[in-house]
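Presented below is the structure to which this report refers.
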Amino acid sequence: MPGDEIRVGQGFDIHPFSDDPARPLVLGGVTFPEGPGLAGHSDADVVAHAVTDALLGAAGLGDIGQHFPDDDPAWEGADSIDLLGRAVTDVRAAGWQPQNVDCTVVLEAPKLAPHRDAMCERLSAAVGAPVTIKGKRAEGLGALGRSEGVACLAVALVTGARP
Ligand SMILES: [Zn+2]
Numbered sequence: 002m003p004g005d006e007i008r009v010g011q012g013f014d015i016h017p018f019s020d021d022p023a024r025p026l027v028l029g030g031v032t033f034p035e036g037p038g039l040a041g042h043s044d045a046d047v048v049a050h051a052v053t054d055a056l057l058g059a060a061g062l063g064d065i066g067q068h069f070p071d072d073d074p075a076w077e078g079a080d081s082i083d084l085l086g087r088a089v090t091d092v093r094a095a096g097w098q099p100q101n102v103d104c105t106v107v108l109e110a111p112k113l114a115p116h117r118d119a120m121c122e123r124l125s126a127a128v129g130a131p132v133t134i135k136g137k138r139a140e141g142l143g144a145l146g147r148s149e150g151v152a153c154l155a156v157a158l159v160t161g162a163r164p
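In case it helps, my numbering puts the sequence shown at residues 2 to 164.
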């Protein structure tokens with residue numbers, strides 16, 4: 002794409018599992034039948050949050066906490082796919098087009114594979130570009146290895162005209 006600027010952004014997020022067994026586990030916009038869910042102000046969708054930060058970072062628009070503060074009651078229990086969609090609107094308004102996002106989700110359990118296609122579809126629809134996901138176990142090491150939470154790393158590429 003001659004004349005286009007290319008920017009890359011990274012995102013990272015981590016949430017502990019909730020003590021509330023009734024809280025649903027939402028990853029990449031997909032509600033898993035396995036619980037418990039992750040603790041957090043919104044639906045605690047760690048994958049959607051990392052993707053959001055990667056895109057905001059690529060566009061030079063700060064981070065998810067600046068856009069959707071976790072002390073703002075407006076975002077309590079928020080659908081993080083909706084927040085991601087709002088962030089993508091801001092990214093596009095700033096002149097940047099998402100090209101793709103690639104994620105690594107670090108967790109011991111539950112298994113990601115049965116839900117991976119659905120997660121990629123939901124995230125890709127929200128971003129308007131391909132979002133791919135890889136699952137990775139922490140091999141028993143540290144808090145993630147003890148299944149105390151889930152982490153996600155994401156990298157995003159955006160293109161746009163030179164500002
Ligand atoms: Zn988060």
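Note that the Cβ used here is the ideal one computed from N, Cα and C, for glycine as well. Keep in mind the model is a prediction, meaning the values are calculated, not measured.
Secondary structure of residue i, DSSP reduced to three states
| i | result |
| --- | --- |
| Asp73 | coil |
| Arg8 | strand |
| Ala45 | coil |
| Asp103 | strand |
| Pro115 | helix |
| Ala55 | helix |
| Asp83 | helix |
| Ala130 | coil |
| Pro17 | strand |
| Gly78 | coil |
| Gly150 | strand |
Contact check, residue i vs residue j, beta carbons under 8 Å
| i | j | result |
| --- | --- | --- |
| Gly161 | Gln98 | yes |
| Leu145 | Ala152 | yes |
| Ile15 | Gly129 | no |
| Leu28 | Pro37 | no |
| His68 | Leu57 | yes |
| Pro111 | Phe33 | yes |
| Leu154 | Cys104 | yes |
Close beta carbons around residue i, own chain, < 6 Å, minus the five adjacent residues each side
| i | result |
| --- | --- |
| Asp5 | Thr160 |
Neighbour-count burial assignment, residue i, 16 or more Cβ in a 10 Å radius
| i | result |
| --- | --- |
| Ile7 | exposed |
| Arg147 | exposed |
| Val89 | buried |
| Val102 | buried |
| Gly30 | buried |
Residue i CB to nearest heavy atom of ligand 3 below 7 Å
| i | result |
| --- | --- |
| Asp83 | Looking at this structure, you won't find ligand 3 anywhere; what it does contain is ligand 1. |
Cut-off 7 Å between Cβ atoms - residues of its own chain near residue i, not counting five sequence neighbours on either side
| i | result |
| --- | --- |
| Leu62 | Asp91, Val92 and Ala95 |
| Ser19 | Pro37, Gly38, Leu39 and Ala40 |
C-beta neighbour in chain C for residue i, strict 8 Å
| i | result |
| --- | --- |
| Leu39 | The structure shown contains no chain C; it holds only a single protein chain. |
Mind the definition here: the stretch 135-149 touches the stretch 50-59 only if three or more C-beta pairs lie below 8 Å; say whether that holds. no
Inspect the CB distances between the stretch 39-47 and the stretch 75-90 and report whether three or more fall short of 8 Å. yes
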